[in-house]
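Counting from 1, position 92 in the sequence shown corresponds to residue 94 in the numbering used here; the numbering is continuous, with no gaps.
Worksheet: one structure, shown below.
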Amino acid sequence: MDALPPDAARSGAGYCVALVLPGGGARAAYQIGVLRAIAELLPDAPNPFPVIVGTSAGAVTAAVLATEAYHWQRAVAGLESVWAGFHVDQVFRADTLSMLRSGSRWLLSLVSGGHLLRPPRALFDNTPLRELLEREINWAHLRRSVRVGALRALAICATNYSSSVSVAFFDGDSGVAEWKRQQRVGRRESLTLDHVMASMSIPFLFPPVMLDGEFYGDGALRQLWPLSPAIHLGANRLLIIGVRAQSDSGVTPKATTMAPTPGQIFGYMLDTLFMDQFYANIEHVTRFNRVSEVAPQAMPDVHKISTLMIVPSEDLRVIATRHLSSMSRSLRALLRVIDASGSSGAELASYLLFEDRYTQELIALGRRDALAQRHDLLSFLCSERLENTIKLPALRAETLS
3 MDALPPDAAR SGAGYCVALV LPGGGARAAY QIGVLRAIAE LLPDAPNPFP VIVGTSAGAV
63 TAAVLATEAY HWQRAVAGLE SVWAGFHVDQ VFRADTLSML RSGSRWLLSL VSGGHLLRPP
123 RALFDNTPLR ELLEREINWA HLRRSVRVGA LRALAICATN YSSSVSVAFF DGDSGVAEWK
183 RQQRVGRRES LTLDHVMASM SIPFLFPPVM LDGEFYGDGA LRQLWPLSPA IHLGANRLLI
243 IGVRAQSDSG VTPKATTMAP TPGQIFGYML DTLFMDQFYA NIEHVTRFNR VSEVAPQAMP
303 DVHKISTLMI VPSEDLRVIA TRHLSSMSRS LRALLRVIDA SGSSGAELAS YLLFEDRYTQ
363 ELIALGRRDA LAQRHDLLSF LCSERLENTI KLPALRAETL S
């Protein structure tokens, strides 16, 4: 195994690595596999991610890693244990009675025009997830991680429904300043479970969360520049663990002549919500890099930001199809109602399949993909100078952050 000495992760001067975790529902299990591989490659090293940024499901992993940053390998092991044993009833209520109650309320509200009963705040009740996270996250440890130098800052991203502003709530080193840009701000707060639950409040699926007198929803909703928070928190190397393969990685969607079903469209919307902004932001970074290489005199104030993105080498929809039978009967019935059963609903199912067989396969895939890139990973995390094999996108910090 290509492991480095314990102090190698901090051997390079002048760089700060951020871990950036997008949302993805059950797909976030893939991120756990990548982190497990990194922990294996750096078995005795201090936390290699002084800055950690999480959105939606990624906010859960970010919160756990940041609060336990002073023994991050143990935090990764704990995350793997939880994700490898997941069942949907640990995330939201999907039993027959709960689903019937929710469906009946929607139906009664619809037929009465909202006069007899207002529609529910969301389709699913995610109280079980809150209860799980209350047991797993010790927020007092976040200050300890900062105090001992294991962490610079943690940011949890959410969307303000009143102002439509993307807010990166952060806590960490006192030297990190708040920021304000068009439609996005960084706000220092003492982070709590409410911030994580707000970041995961996918519209229609989970209820919004009130913070400081205003309602917040999923952090990916208005996150046009998802790399921005990590940069503002002081990072100049960004490791992004995505949950969707790029089309040029050998994963090609099958062509179809059938009109998409409502379930397929909803799955497509989730896919767009969680990953498109990241790919667009990285492409923008790459364009600035090319300009700076061709005409450096035209961009003398360019702030170089190195990025490395790890994404699945396999289509997660295909993997989800193999595990549809493990979903609860009531949840499968819901998917049939919106015409998202079988392979036609694989996209949507891949985000809702909080079942151990599926999450275990994603963890294993993430580990394999990361180990296949061990050379790039170790260079990116630990080398003072990056080798030419790693692409170095660059961006103008005041413009893109």
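All C-beta atoms in this analysis are idealised placements derived from N, C-alpha and C, irrespective of residue type, glycine included.
Check, Outcome
"Integer Cβ distance of P264 from I340, believed to fall under 8 angstroms", "5 angstroms"
"Where G368 falls, given that 16 or more other Cβ within 10 Å makes a residue buried", "buried"
"Residues near L21 in its chain [Cβ-Cβ closer than 6 angstroms; skip 5 each side]", "F51, I54, L241"
"Alpha carbon of R319 to alpha carbon of R246, nearest angstrom", "9 angstroms"
"Rounded separation between R359 and H325 - CA only", "7 angstroms"
"Simplified DSSP state of N283, which is helix, strand or coil", "helix"
"Euclidean distance between Cα positions of V253 and D317", "Because the pLDDT at V253 is just 47, under 50, the model does not fix this residue reliably, and the value given afterwards should be weighed accordingly. Taking the straight line joining both Cα atoms gives about 6 angstroms."
"Same chain, Cβ closer than 7 angstroms to S404, five either side skipped, listed in chain order", "Here the chain covers residues 3 to 403 and nothing more, so residue 404 does not appear."
"For V19 and L383, believed in contact at Cβ under 8 angstroms, the rounded distance", "6 angstroms"
"As assigned by DSSP and simplified to three states, the class of Y360", "helix"
"With 16 other Cβ atoms within 10 Å as the buried cut-off, status of D214", "exposed"
"Residue closest to A335, alpha-carbon to alpha-carbon, out of E133, F88, L99", "L99"
"For S203, the residue or residues it bridges with in DSSP", "DSSP output for S203 lists no bridge partner at all."
"Inter-stretch contact (C-beta, 8 angstroms, three-pair minimum) for the region 173–189 and the region 225–240", "yes"
"7 angstroms Cβ cutoff met for I307 and N238", "yes"
"Beta strand (DSSP E) runs wholly inside the region 142–192, at least 3 long, in chain order", "155–162, 168–174, 181–183, 186–190"
"3-residue-minimum beta strand (DSSP E) runs that sit fully inside the region 37–90, ordered along the chain", "53–57"
"M311 - DSSP class collapsed to helix/strand/coil", "strand"
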